[in-house]
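Residue numbers (the numbering used here), protein chains in the order written: chain A, 1 to 393; chain B, 1001 to 1393; chain C, 2001 to 2393; chain D, 3001 to 3393.
Number of protein chains: 4
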Amino acid sequence: WPRTRSLNAPSPIQQFGPCGRIMKNSAMVMQVQDQDPAFQRLTWYKTPLTVLVIKKVRDVAVVIPFVHLIEWLINNKRMVVYCEEAVKDDKSVTGNSKFDELQDKLMYFREGRDDLTDKIDFIICLGGDGTLLYASSLFQQSVPPVMAFHLGSLGFLTPFLFDNFEEKVTNVLEGNAALTLRSRLKCTLKRRQSTDATADTGHITSNGQVSQNGIGIHTSLTNGSNNRSNNSPMNFLVLNEVVVDRGPSPYLSNVDLFIDGKHVTVVQGDGLIVSTPTGSTAYAVAAGASMIHPSVPAIMITPICPHSLSFRPIVVPAGVELKIKISPDSRNTAWVSFDGRNRQELHHGDALSVTTSVYPVPSICAQDQISDWFDSLADCLQWNVRKRQKTFD
Amino acid sequence: WPRTRSLNAPSPIQQFGPCGRIMKNSAMVMQVQDQDPAFQRLTWYKTPLTVLVIKKVRDVAVVIPFVHLIEWLINNKRMVVYCEEAVKDDKSVTGNSKFDELQDKLMYFREGRDDLTDKIDFIICLGGDGTLLYASSLFQQSVPPVMAFHLGSLGFLTPFLFDNFEEKVTNVLEGNAALTLRSRLKCTLKRRQSTDATADTGHITSNGQVSQNGIGIHTSLTNGSNNRSNNSPMNFLVLNEVVVDRGPSPYLSNVDLFIDGKHVTVVQGDGLIVSTPTGSTAYAVAAGASMIHPSVPAIMITPICPHSLSFRPIVVPAGVELKIKISPDSRNTAWVSFDGRNRQELHHGDALSVTTSVYPVPSICAQDQISDWFDSLADCLQWNVRKRQKTFD
Amino acid sequence: WPRTRSLNAPSPIQQFGPCGRIMKNSAMVMQVQDQDPAFQRLTWYKTPLTVLVIKKVRDVAVVIPFVHLIEWLINNKRMVVYCEEAVKDDKSVTGNSKFDELQDKLMYFREGRDDLTDKIDFIICLGGDGTLLYASSLFQQSVPPVMAFHLGSLGFLTPFLFDNFEEKVTNVLEGNAALTLRSRLKCTLKRRQSTDATADTGHITSNGQVSQNGIGIHTSLTNGSNNRSNNSPMNFLVLNEVVVDRGPSPYLSNVDLFIDGKHVTVVQGDGLIVSTPTGSTAYAVAAGASMIHPSVPAIMITPICPHSLSFRPIVVPAGVELKIKISPDSRNTAWVSFDGRNRQELHHGDALSVTTSVYPVPSICAQDQISDWFDSLADCLQWNVRKRQKTFD
Amino acid sequence: WPRTRSLNAPSPIQQFGPCGRIMKNSAMVMQVQDQDPAFQRLTWYKTPLTVLVIKKVRDVAVVIPFVHLIEWLINNKRMVVYCEEAVKDDKSVTGNSKFDELQDKLMYFREGRDDLTDKIDFIICLGGDGTLLYASSLFQQSVPPVMAFHLGSLGFLTPFLFDNFEEKVTNVLEGNAALTLRSRLKCTLKRRQSTDATADTGHITSNGQVSQNGIGIHTSLTNGSNNRSNNSPMNFLVLNEVVVDRGPSPYLSNVDLFIDGKHVTVVQGDGLIVSTPTGSTAYAVAAGASMIHPSVPAIMITPICPHSLSFRPIVVPAGVELKIKISPDSRNTAWVSFDGRNRQELHHGDALSVTTSVYPVPSICAQDQISDWFDSLADCLQWNVRKRQKTFD
């Protein structure tokens, strides 16, 4: 496995679902080696036929746009539209008369049950950044191109305003789109080999954290069987970050951090965030990190409330492999979660490996990589927004 | 000029002086496109014959090691050794009897007068990080491989301990060395076209800042004539950072920042640091930046004491082009300096462009890229160094 | 010039120009006069007879010093020594033969059962900062003077080295001691009036958090009955901080913060720390706060991983009253803990009030207020500890 | 329960257990009693007759309000109005026809020439925060009550909106006003005793920094003769901060910091800010400090771009005395400035002492101490201003 010795990110697989490709153009040929992200544009290998529409849940404001969108995709674009089956339980949707008419023409999938691999050509998200995180979680390997709309309030991951959506979607379907390849982190959780088969089985906590067996169900579709008894490693792809924290314990956890096999530091504090550049503007920024443009091939490591005053966040090359373990002399265990999901305990002897995945999320830009990012910094984080200085007296 | 539209760093020129090359190996061939920094190792195209030795100035402790080194290089390795002519004025050196014997065998150069391009195969630095910054400033284009020794106190740029130097230098001369390609920033200062030829000529300030005409002398070797009257742009390559600050003015300057032609923000505060990853651990870290490993292809933008609470540092892809100008409505000018040198005023209408250079500094690792960096974080910045937590009572 | 030895600000001259004065009113007259903290020294009203000795639990290294200390207090000083009854269950102690002999001469108390008010003249802590937090929790009103020893590793709250303890304790018992009055925060948790008596009763969580009924037991001694059914407010005195956090919820909580009745901000993020100056060097400093000397009469408000880049910590006068409530439109509840103890859920409609208590912890200085604090900053936090800059080359 | 309206901490109960007391001594008796800042209200000893009006310079927008104000004060209130003589050189003012009529009824003073002590009953500022800093500099001892208006853009020091000024000023003149006593720092600069009378005399730098002799003129009115030859210490009262920085030198200065005679740390970096709580929201906040309410009796110490990652700002009691000196082994000198004025070099052997002055600035609140401060945090610093979180999808 040569990747772990690399400091560059591995070259991303450039196929996105059955139809999406990155366009080859003359500029890239002239470029010596690197693929220039600024030239990254979407191209379609064949005409996209299937589209997955993901809408924000529990938000009444999104219902009308959602119904408009699927109606237009079915009737005008003659596309096959997939939705989550859970939509049928959403009363704000099912109460809509137009939706009733469309209902039979929709294809449904059940999360954690139905495999979408190779079935989806194109994804449209409607709502907040969470829709894109959810889309990312559905595709643990190649992700089809994603076009994400917000409804009034710009998000980091949802650059398109819904107004005049027909023209914008048509444009993208015709191949006119700049792409940001958002790198993801491949997280592998390998449990300590248990000698006692009955010990330490999964459990449901009163706080709604997912039990270990429950995770096995979810990930079995893509990652094979993950239950603890056979000790296979569990894999998770994250778009924002993987978080290791002290959980409900009032005490600090001591976590050992290794990079490419070298023990680089011990984390003492509330926890540790390992994030993609995309995730640098999510939880990491709240913990004090600098913001990294999503096209920088890097991994950000940010401590949460560290006890050391000098534990500043660091940025390492995308190609390194991190390993995280509970320190042998730590009194406490820790908890780990992946893009805020699949929260579970990390025990002594367990090992969490993190490196950049070859499967990025191809996210379609509203304008271009630079403008989209700085607009979202200003709108979402009020970055450097202030009163202009008046002349001094 | 297609580079300004690129988000990737331009591919570095992989020739370092007349002899230095990066070794081609089978791993790189298998690699699809990217050159993997972890496989970067030094190779010599032909046997290095000339070596430039740069020693820390005004430090008596460095004299004995310096004389030992050049004696060994001349007598044992039969190399041609270059030194600064200023060494002959250094009484702590000239008082050394061994140096007296060697003196006639040395080659001398005068900074700002003699062109070293294509004359030097190899560089050895002796002392602190400043020696490497100085070496960088001497080579405004291709830089020969640099091996940098510290004397007791590890630096970010000086990973080798001097003990047993003979074996270490021999090893490198035989081609056994890992390399870090430290990207540099190409800074281009274009003065506003002056309509009045007599106005605003260069001047010497009482604070030792370089006058504009003085800069012309220095940079004329590599950059052609830079005096203001003919308005040619001046070029500077920096290894750490270019700093724009308010200078002696008590008032904030308003500085406009553009990225790839887009106006992204106004800087109000003491100033702005644009740094390489190498420079992220220098001035930028003191201004609050996260630390970036030198192999991440990125540019760091860090405000100095910004008036806005939300002006967090940001990291952008190495290939973007920044432009910095005084805001038209700013009452004040600003000052700019390049790796702490060539300090000069930035006037209304002047434009400073910054982008990643194709000429990195090939810096030889003592161990490897990851170990060298984390060791220097711990030693130089006490990064996350603290008492281990005792068990709680 | 006596002012230089004072820690209080000089009283401002209260005449402003020829006409302006500050209005005298009755409230001011009732205010008793403040004391200069630098002159604060301990005096004994009558000779102290009873001493409470608190030792760090689960630390074998503390056993021998503990036994030495109580032996000396009983046999040489003829004092009545109180210990926790739990000591009798600590095998590392009971296995000690000298302790066996002393055992019958000790007085025991049970936490949460026996009221120590007016029974203890003097407290000696042995171990880490936790011993002093525990001592503080035992005295919900007036606290006897506390002398705290560390065993090798200096703490913020444990300034005395144990070596030569006999001389040091004798000195203090003779009244030679500088005092730091460490302010505490009085936290009052008032539950929303429940209309349904059966709803929302206390519960034990699997994570060891204290149930609400359990708290009732603990606080009933000093605060009256606190169980939810009768809705009496619960009181807690904290020496470090009260923390409101999102608990196990992956979502941000929205918490409203009021100061003296004015709604000043909404906290969005992982939580909020309200700390004393003493607590500013505990959890607050990890969350980014500045450090405040314990003699500054102030309350520190520090957000934990706030989503707003501009949510910097603030310091308000010690006399304000804070009120914290879950925002009516928040989807989530929050959790509150007091010096890391008594963790419990904060529901919609509950109100947490925080203000400075009239019962500080009188903590005996090893040297003086300034020296003790800066020594602990350097030792515990490595504050501004670094390599001295070498001369530049 | 009167405590909730108090900004002071309640006086601690000074009995600690049955025996412990704080020793009463003579120093404490001399201490006059502190007042609760929340009850601080203005009263007039006799009816104010003279008013100093300070207007922002070089701002055309302020001219009309300024003329309205002085017209109303002279004609309606029959007050004696003082202005700076420089107003007569301000063409935007002298061009105003109404001002022409009033001109002869005004009293003028010349900064640095005329002593205003005991001549002014009341001060009105018109414009930005700089007007209040200027007013503070005019009164090196007792300061008359200050009422400060902004014109549209709220400042930290200018809480009143100018609309309907007649009613607001009348209210204050009638004694209806809450006061914030803003502490100032008394800075004493004592030059090293020069053995060579000709060495190191004052000089004018090309950057407009004030020469030492120039300062002598300014401060001679209040502080006696300050010229270097007789080596008398110079005194400056600052409302915001005293700043020690490296000036134009590219090298770090090493500055020794002493508190109450104890050497507490060495400052390496761009400099050091010693600020009042009022100044915590000025330069200090830009350098990373927490914000302190102006009624907290404290001094804030904030490093500027420190080289140590762990050099966090600290807050010490208002009554300590700081001393700042260039470290004996520092290669460089430093520069010092006082509220941005009187900038001058600090040489080896010079000593700068800083402590809280007994002469605060009595600043009149628009509402009350808490509301005014939080309003200015939000308006001036956008403190925690952000989009409210939307419900999550």
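Don't be surprised by glycine CBs; every beta carbon is placed ideally from N, CA and C.
Asked: Neighbour list for C/V2316 in chain D, Cβ cutoff strictly below 9 Å; Found: L3007, I3292, H3293, S3295, V3296, I3370, W3373
Asked: Identity of the residues DSSP links to B/I1292 by a beta bridge; Found: A/V315
Asked: When B/V1060, B/I1124, B/T1094, B/I1370 are compared against A/G319, the one with the closest alpha-carbon; Found: B/I1370
Asked: Minimum Cβ-Cβ distance from B/L1309 to chain C less than 9 Å; Found: yes
Asked: Among B/N1240, B/T1265, B/H1307, nearest to B/Y1251 - alpha-carbon criterion; Found: B/H1307
Asked: Beta-bridge partners of A/A426, as assigned by DSSP; Found: One cannot answer for residue 426 of chain A here, as it falls past the ends of chain A, which runs 1 to 393.
Asked: The segment 2256-2276 of chain C: positions lying closer than 7 Å to chain D by Cβ; Found: I2259, D2260, K2262, V2264, T2265, Q2268
Asked: Segment limits, beta strand (DSSP E) that includes A/E241; Found: 241-245
Asked: Backbone CA spacing between A/P328 and A/D256 [nearest angstrom]; Found: 9 Å
Asked: Any chain B beta carbon closer than 9 Å to C/A2378; Found: no
Asked: For A/D256: DSSP bridge partner residues; Found: A/V266, A/K325
Asked: Proximity test, Cβ basis, 9 Å: B/Q1103 and chain D; Found: no
Asked: Selection from D/R3192, D/T3281, D/C3380 that minimises the alpha carbon distance to D/L3346; Found: D/R3192
Asked: Helix, strand or coil at B/N1096 [DSSP, three-state]; Found: coil
Asked: Closest residue to D/Q3344 among D/G3247, D/N3384, D/R3058, D/T3117 (Cα-Cα distance); Found: D/G3247
Asked: Contact list for the segment 1054-1074 of chain B against chain D, Cβ threshold 8 Å; Found: none
Asked: Neighbour flag for A/R312 against chain D, beta carbons, 9 Å; Found: yes
Asked: Other residues of its chain near B/P1313: CB distance less than 8 Å, five sequence neighbours each side excluded; Found: A1284, A1287, G1288, A1289, S1290, M1300, I1301, T1302, P1303
Asked: Beta carbon proximity, A/Q382 to chain D, threshold 9 Å; Found: yes
Asked: Cβ neighbours of C/A2135 in the same chain (closer than 7 Å, five flanking residues each side left out); Found: I2054, I2123, C2125, V2146
Asked: Burial state of B/D1196 (16 or more Cβ within 10 Å); Found: The predicted model places B/D1196 with a pLDDT of 48, which falls under 50 and marks its position as unreliable, so this point remains unresolved.
Asked: Cβ neighbour criterion (16 or more within 10 Å) applied to B/V1296; Found: buried
Asked: Helix, strand or coil at C/C2365 [DSSP, three-state]; Found: coil
Asked: Three-state class that DSSP yields for A/S225 in the structure shown; Found: Note that A/S225 scores a pLDDT of 36, beneath 50, so its modelled location is shaky and nothing firm can be said.
Asked: Beta-ladder partner(s) of B/R1341, from DSSP; Found: B/F1338
Asked: Span of the beta strand (DSSP E), counted from its first residue to its last, around A/I54; Found: 50-55
Asked: Buried or exposed (CB count within 10 angstroms, at least 16 for buried), C/T2281; Found: buried
Asked: For B/C1380 and B/F1156, believed in contact at Cβ under 8 Å, the rounded distance; Found: 6 Å
Asked: Beta-carbon spacing of A/L239, A/I324 below 9 Å; Found: no
Asked: Range covered by the alpha helix (DSSP H) that runs through D/A3286; Found: 3283-3286
Asked: Under the three-state DSSP convention, the category B/N1075 falls into; Found: helix
Asked: Where B/L1309 falls: helix, strand or coil (DSSP); Found: coil
Asked: Euclidean distance between Cα positions of D/N3384 and B/T1265; Found: 20 Å
Asked: Proximal chain B residues relative to A/A289, where beta-carbon distance stays under 7 Å; Found: S1290
Asked: Alpha-carbon spacing of B/L1221 relative to B/S1232, whole angstroms; Found: With a pLDDT of 36 at B/L1221, under the threshold of 50, the modelled position of this residue cannot be trusted; read the value that follows with caution. The alpha-carbon atoms of B/L1221 and B/S1232 are separated by roughly 14 Å.
Asked: C/P2065, DSSP secondary structure in three states; Found: helix
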